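In UniProt numbering, the protein residues as written are 1 to 100.
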């Protein structure tokens, strides 16, 4: 076995969720999901300081935009549809990251 570099932890929660990144038990980053009826919005933190927001404009839109605190686009994450068989039976997803 190898050495653990970092740990990603996602405790169970009913409505909103958070993901924690830890190194040697010390929390270095957090992602919090904001509650919204049809949009997915995530706040990204390094330590206690927010450095970016991930926004999705609509319910069926698979393109996420990563913006810094000033509103400048850092990257876009696009999820491509691979077909019914791949999506339902094999759980294979394809994501494309575009850095700006």
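Beta carbons: idealized from backbone N, C-alpha and C, even for Gly. It should be emphasised that the depicted structure is a prediction, and the values quoted were computed from it without experimental measurement.
Within its chain, find whatever has a CB closer than 7 Å to the CB of residue 35; leave out the 5 residues flanking it on each side and keep chain order. Position 35 of the chain shown holds residue 35. Contacts found: 15, 16.
Can you tell me which residues form a DSSP beta bridge with residue 37? On the chain shown, position 37 is the one that residue 37 refers to. Bridge partners of residue 37: none, in fact.
Within this structure, are the beta carbons of residue 104 and residue 10 separated by less than 8 Å? Because the chain here runs from 1 to 100, residue 104 falls outside it and cannot be looked at.
Residues of its chain near residue 42, where Cβ-Cβ distance is below 6 Å and the 5 sequence neighbours each way are ignored: Within the chain shown, residue 42 is the residue found at index 42, counting from 1. If we look at residue 42 and ignore the five residues flanking it on each side, its Cβ neighbours are 31, 33, 54.
Grouping DSSP H, G and I as helix and E and B as strand, with all else coil, what is residue 29? Here the question's residue 29 lines up with position 29 in the chain shown. The answer is strand: DSSP assigns residue 29 an E or B state.
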